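Top line first, the protein sequences correspond to chains A and B. Counting from 206, one number per residue, gives the positions in the first sequence under my numbering. Counting from 45, one number per residue, gives the positions in the second sequence under my numbering. Backbone N, C-alpha and C fix where the C-beta goes; we use that ideal spot for every residue, glycine too. Just so you know, these numbers come straight off a predicted model, no measurement behind them. Structure record follows, encoded as structure tokens.
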Amino acid sequence: MSRAHAMISVAIMALVTIMIRFLPFVIFGKKQNTPKIITYLGKVLPHAIMAMLVVYCLKNISFASVGGFLPELIAGAATAGLYVWKKNTLLSIGLGTVIYMLLVQLVF
Amino acid sequence: MGKGVVKKAFIDTIPVMTGYVVLGIGFGILLRTNGYGGLWALAMSVFIYAGSMQYAGISLMASSASFITVALTTLMVNCRHFFYGISMIDKYKDAGKKKPYLIFALTDETYSLVCKDIDGVDEKDLKKYYLLVSAFDQVYWVTGSLIGSLLGAIIPFSTEGIDFSLTALFITVFTDQWLHTKNHFAAISGLIATVLMRLIFGADNFLIPSMVLIAVTLIMGRKFAGSEVEK
């Protein structure tokens with residue numbers, strides 16, 4: 206691909222992304238009072254979307270072999286369990302990630 | 045504005061730092077392998093600033109995809125950001141001059157940090173906090189991309205599995221939100237809808253159907269979300 210073609214592709218990716226990010230604010234942001242339905246969605250969406258992102262990150266797990274889901278299951282449970290126990294984000298993420306890395310590199 | 049806000053923003057973004065530097069390095073290496081060096085990595089991470097799209101962008105550029113394909117792929121990969129915007133409209137409402145950048149920099153990870161209730165920051169410093177979190181995160185991403193592009197070949201240990209840090213970040217935010225609410229209608233809807241759509245549409249095409257189903261479920265089931273709306 207020519208450099209010019211690649212450059213225009215990068216520009217398109219940037220512009221479309223910017224457009225998507227600004228669109229909600231352009232549509233709903235100008236009103237004095239945000240529509241009730243949007244306020245409602247603003248409150249409940251973070252909960253639903255975080256669930257979606259967790260599933261999205263785990264989209265490639267497979268139950269065909271033990272190594273296809275057990276590292277994610279163990280490390281994920283450790284991350285959540287540690288958080289419930291200690292309420293410390295850094296500790297949960299750090300330990301959860303180290304456990305996962307050890308599992309995929311050394312065990313499975 | 046005290047030092048406290050800067051410190052808190054920095055500490056809160058450390059998990060994103062780990063994930064972004066590592067994924068950024070991966071991006072930089074892959075981009076270089078395809079013949080695009082440091083300036084390309086810099087331009088893409090500064091102006092596009094959307095991790096999974098930048099990865100997808102490499103294959104689009106490498107395969108000389110048509111501009112229409114590039115635009116449509118970007119639309120599909122990134123349309124979840126529209127949802128993030130909807131839930132940040134009230135929080136970013138009076139952000140003044142900071143607002144354009146806050147909106148521009150609203151990635152998955154930044155969203156996970158700013159969408160929740162922020163404890164320990166004064167109301168008057170809140171927008172400053174949002175700005176710092178957004179800017180720190182982008183600095184990590186740009187730095188990672190450049191490291192990957194320039195030094196990628198000489199990383200001495202195996203980083204396999206380190207990208208789990210982003211999964212872990214979302215899991216802790218999810219757990220935290222769960223512990224802070226009595227009504228779990230939204231969280232459970234999100235979980236079931238996404239798993240269902242993943243099973244039906246497969247790993248590559250389930251995000252858009254998931255978002256549609258989530259929106260429909262949340263709007264139709266408004267009466268079940270009761271106490272969450274009060275929060």
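Problem - Contacting positions in the region 289-301 of chain A - beta carbon closer than 7 Å to chain B - result: Against chain B - using a Cβ distance shorter than 7 Å - the residues of the region 289-301 of chain A are 289, 294, 295, 297, 298 and 301.
Practice task
Quick one: give me the first and last residue of the alpha helix (DSSP H) that residue 172 of chain B is part of.
Solution key: Here residue 172 of chain B refers to the residue found at position 128 when the second sequence is read from its first residue. Start and end: 170-195.
Exercise for the section: Express the C-alpha separation of residue 225 of chain A and residue 185 of chain B in angstroms, rounding to a whole number. Expected result: Residue mapping note: residue 185 of chain B aligns to position 141 of the second sequence, counting from 1. Residue mapping note: residue 225 of chain A aligns to position 20 of the first sequence, counting from 1. Going from the Cα of residue 185 of chain B to the Cα of residue 225 of chain A covers about 20 Å.
Handout entry: When B/85, B/229 and B/142 are compared against residue 250 of chain A, the one with the closest alpha-carbon
Key = The residue you call residue 250 of chain A lines up with position 45 of the first sequence. Looking at the Cα atoms, B/229 is the closest of the given residues.
Handout entry: Validate contact between the region 206-220 of chain B and the region 108-118 of chain B using beta carbons, cut 8 Å, 3 pairs
Key = Between the region 206-220 of chain B and the region 108-118 of chain B, the count of Cβ pairs shorter than 8 Å is below three; the stretches do not touch.
Exercise for the section: Using the Cα positions of residue 122 of chain B and residue 135 of chain B, report the straight-line distance between them to the nearest angstrom. Expected result: In the second sequence, residue 122 of chain B corresponds to position 78, counting from 1. In the second sequence, residue 135 of chain B corresponds to position 91, counting from 1. Their backbone Cα atoms lie some 21 Å apart in a straight line.
Practice task
Kindly indicate which three-state DSSP category residue 144 of chain B falls into: helix, strand or coil?
Solution key: Locating residue 144 of chain B in the second sequence gives position 100, where the first residue counts as 1. In the structure shown, residue 144 of chain B sits in a helix (DSSP, three-state: H, G or I).
Problem - Residue-chain proximity (residue 258 of chain A, chain B), Cβ-Cβ < 9 Å - result: On the first sequence, residue 258 of chain A is found 53 positions in, with the first residue counted as 1. Closer than 9 Å: yes.
Exercise for the section: Kindly list the residues whose CB is nearer than 8 Å to the CB of residue 274 of chain B, restricted to its own chain and excluding five residues on each side of it in sequence; keep chain order. Expected result: By 1-based counting over the second sequence, the position of residue 274 of chain B is 230. With a pLDDT of 42 at residue 274 of chain B, under the threshold of 50, the predicted position of this residue should be treated as unreliable, though the coordinate-derived value follows. Nothing meets the Cβ criterion.
Problem - Cβ-based contacts, 8 Å cut-off: residues of the region 227-243 of chain A near chain B - result: 227, 228, 229, 230, 233, 234, 239, 242 and 243
Practice task
Answer yes or no: does any C-beta atom of chain E fall closer than 9 Å to that of residue 55 of chain B?
Solution key: Given the protein chain composition of this structure (A and B), no chain E is represented.
Exercise for the section: Please confirm if residue 91 of chain B has its CB atom under 9 Å from at least one CB of chain A. Expected result: Taking the second sequence and counting its residues from 1, the one referred to as residue 91 of chain B is at position 47. True, the Cβ-Cβ gap to chain A drops below 9 Å.
Problem - Beta-carbon proximity list for residue 65 of chain B, same chain, < 6 Å, skipping 5 on both sides - result: Walking along the second sequence from the start, residue 65 of chain B turns up at place 21. For residue 65 of chain B, where only same-chain residues beyond five positions count, the Cβ hits under 6 Å are 184 and 188.
Exercise for the section: Using a Cβ-Cβ cut-off of less than 8 Å, list which residues of the region 260-282 of chain A approach chain B; keep chain order. Expected result: Taking a C-beta cut-off of 8 Å against chain B, the contacting residues of the region 260-282 of chain A are 260, 261, 262, 263, 264, 265, 276, 277, 280 and 281, listed in chain order.
Exercise for the section: Taking 9 Å as the cut-off, decide whether the C-beta atoms of residue 150 of chain B and residue 178 of chain B are in contact. Expected result: The residue given as residue 150 of chain B occupies position 106 in the second sequence. The residue given as residue 178 of chain B occupies position 134 in the second sequence. Taking 9 Å as the Cβ cut-off, residue 150 of chain B and residue 178 of chain B qualify as a contacting pair.
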